[in-house]
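Peer 1: Right, I'll just put the structure down here and ask away after.
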Amino acid sequence: MNFLYAAYSATWIIHITYLVILVRRYHNLRSEIDELKKGEPAPGH
Amino acid sequence: MKRQAEGDECGHENCMKRAFPIFAVLTAVLLSYALYEALVAAPTEQTMGNVQRIFYYHVPSAWTAFLLFFINFVCSIQYLVRRDKVADSIANWVAIVLGVAACAAAVVIRPLPSGVEPSSVATTGLAITGLYFLVKRYFSGSRTDALALVTAEVGVVFCTVVLVTGPLWARPVWGIWWTWDVRLTSTLVLWLIYISYLMLRRFSASGQTPVLAAALAIFGALDVPLVYFSIWIFRTQHPQPVIGGGGSIDPRMLHVLLINWLAFLCFAALICWSRYRLEVLQREVEEIHAMKGLQDPRSSG
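These protein sequences, in sequence, are chains A and B. Take the first sequence: its letter number 3 is residue 3 in the working numbering, and every next letter is one higher. Take the second sequence: its letter number 95 is residue 95 in the working numbering, and every next letter is one higher.
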């Protein structure tokens, strides 16, 4: 039974770790986009 | 025409954006139901006991990884052949001939190798052709390359699950964590090939990286049939296939297995879609940086 729970837990740990990596990448990219927008000249100038 | 195609693409993307939360909720419900079926509803196997239930996560993860590596293979071929008109039309014809030949083989060749059903031969052939033209229709230019990268990355995640859950099943059943048998070794080699693919994509800054990666992916995909058919071809310690390989499975267990596969397929589609959007956004930001670097060369240093 321990091996069964270990296998199911390991599966979800792997998937959740990957999802956390994706979310962090997304936040980094969002802040990069925000910085790019700040650096842009205002429209009409 | 080009504007209309771009409009179509935006329409698809908006539609997908709206469908995403609904699909995410449905996938979460399906995964919960599949977990309940695997842990509670499925009958307990007589010889192995409860540890056999690892099979409901191990096998669907392997099938999902194979499918993702196959999509990566199709994308890599398309990325390479689209650079040349003649190669592109040859590849189109090869895809059509493959589908037709698989259907003909299912009808004409008798007897088929043990455990191979005519319907599975025809379905595989048609799936290859269908997938080839689906990718061609909906993913153009650098988007094919982005999809190749995404499917390889998510495929590696699922393949990691296979390599972790396999030993956790083997230890109580075989008494060992690992053996260098063909099925296990070829799966490890497959994982290593795609890890090297991702390392190439991550650390090479050359403009030729997508081409080199596409070529590596084609070699990597050749390992997938070896992994799949190794238990038919070689004498291995790995259990024989329960579907289409002469083995048998309780219909209730088969039902739980297929429910879990469906749940993992939906989950993989969800992750792939999120990762694909992230990749497209990343490329757009890199393009903006490159443009800024061209406008003001001092800022790029």
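Glycine residues also receive a C-beta, built at the ideal position from the N, C-alpha and C atoms. Fair warning: this is a prediction, and the values are worked out from it, not measured in the lab.
Among residues of its own chain, excluding the 5 on either side of residue 276 of chain B, which ones have a beta-carbon nearer than 8 Å to its beta-carbon?
Peer 2: Same-chain partners within the cutoff: 146, 147 and 150.
Peer 1: Please state whether the Cβ-Cβ distance between residue 268 of chain B and residue 139 of chain B is less than 8 Å.
Peer 2: No, the Cβ-Cβ distance between residue 268 of chain B and residue 139 of chain B is not below 8 Å.
Peer 1: Determine the chain A residues that contact residue 172 of chain B at a beta-carbon separation under 7 Å, and present them in chain order.
Peer 2: The contacting residues are 3.
Peer 1: Output yes if chain B places a C-beta closer than 8 Å to the C-beta of residue 27 of chain A; else output no.
Peer 2: Not an interface residue.
Peer 1: Are the C-beta atoms of residue 57 of chain B and some chain A residue less than 8 Å apart?
Peer 2: Yes, residue 57 of chain B counts as interfacial toward chain A.
Peer 1: If I measure Cβ to Cβ from residue 39 of chain A and keep anything under 7 Å in the same chain, skipping five residues before and after, which residues do I get?
Peer 2: Excluding residues within five positions, none has a Cβ falling inside 7 Å.
Peer 1: What residues from chain B crowd round residue 33 of chain A, counting only those whose CB sits closer than 7 Å?
Peer 2: Near residue 33 of chain A (Cβ distances below 7 Å), the residues of chain B are 285.
Peer 1: How about residue 213 of chain B and residue 201 of chain B: are their beta carbons less than 8 Å apart?
Peer 2: Their beta carbons are under 8 Å apart, which means residue 213 of chain B touches residue 201 of chain B by this criterion.
Peer 1: Can you tell me whether DSSP reads residue 49 of chain B as helix, strand or coil?
Peer 2: Strand at residue 49 of chain B.
Peer 1: With a 10 Å radius around its C-beta and 16 neighbouring C-beta atoms as the bar for buried, classify residue 27 of chain A as buried or exposed.
Peer 2: With fewer than 16 Cβ atoms within 10 Å of its Cβ, residue 27 of chain A is classed as exposed.
Peer 1: Quick one: what does DSSP say residue 222 of chain B is sitting in, helix, strand or coil?
Peer 2: Reduced to three states, the DSSP call for residue 222 of chain B is coil.
Peer 1: Spatial neighbours of residue 230 of chain B within its chain, please: CB distance less than 7 Å, with the 5 preceding and 5 following residues excluded, ordered by chain position.
Peer 2: 182, 183, 186 and 236.
Peer 1: Residues in the same chain with beta-carbon distance under 7 Å from residue 172 of chain B, minus the five sequence neighbours each way, listed in chain order, please.
Peer 2: Closer than 7 Å at Cβ, skipping near neighbours: 51.
Peer 1: Any beta carbon from chain B within less than 8 Å of residue 14 of chain A's own beta carbon?
Peer 2: Closer than 8 Å: yes.
Peer 1: Are residue 122 of chain B and residue 106 of chain B touching if we call contact CB-CB under 8 Å?
Peer 2: Going by C-beta atoms, residue 122 of chain B is nearer than 8 Å to residue 106 of chain B.
Peer 1: Starting from the Cα of residue 14 of chain B, find the closest Cα among B:70, B:220 and B:273 and give me that residue.
Peer 2: Of the listed residues, the one whose Cα sits closest to residue 14 of chain B is B:273.
Peer 1: Taking Cβ-Cβ distances shorter than 8 Å, what residues in chain A pair up with residue 51 of chain B?
Peer 2: Within 8 Å Cβ-Cβ: 1, 3 and 4.
Peer 1: Using only CA atoms, which one of B:144, B:166 and B:286 lies nearest to residue 76 of chain B?
Peer 2: With distances taken between Cα atoms, residue 76 of chain B lies closest to B:144.
Peer 1: In three-state DSSP terms, what is residue 205 of chain B?
Peer 2: Coil at residue 205 of chain B, not helix or strand.
Peer 1: Go ahead and pull the three-state DSSP assignment for residue 143 of chain B.
Peer 2: Helix, per DSSP.
Peer 1: Following the continuous alpha helix (DSSP H) through residue 253 of chain B, name the residue where it begins and the one where it ends.
Peer 2: Start and end: 251-295.
Peer 1: Cβ of residue 32 of chain B less than 8 Å from any chain A Cβ?
Peer 2: No, residue 32 of chain B lies away from the interface with chain A (no Cβ there is under 8 Å from its Cβ).
Peer 1: Run the CB neighbour count on residue 219 of chain B, radius 10 Å, all protein chains shown included, and call it buried at 16 or more, exposed below.
Peer 2: Counting Cβ neighbours within 10 Å, residue 219 of chain B comes out exposed, since fewer than 16 surround it.
Peer 1: Is the CB of residue 257 of chain B under 8 Å away from at least one CB in chain A?
Peer 2: Not one chain A Cβ lies under 8 Å of residue 257 of chain B.
Peer 1: Which residues mark the beginning and the end of the alpha helix (DSSP H) in which residue 6 of chain A is found?
Peer 2: Counting along the chain, the alpha helix (DSSP H) containing residue 6 of chain A begins and ends at 2-39.
Peer 1: Mind listing, in chain order, the continuous alpha helix (DSSP H) runs of no fewer than 4 residues lying wholly within the segment 66-131 of chain B?
Peer 2: 85-108, all fully within the segment 66-131 of chain B.
Peer 1: Mind listing the chain A neighbours of residue 168 of chain B? Cutoff is C-beta to C-beta under 9 Å, in chain order.
Peer 2: Result: 3, 4, 6, 7 and 10.
Peer 1: Taking buried to mean at least 16 other C-beta atoms within 10 Å of its own C-beta, is residue 17 of chain B buried or exposed?
Peer 2: Exposed.
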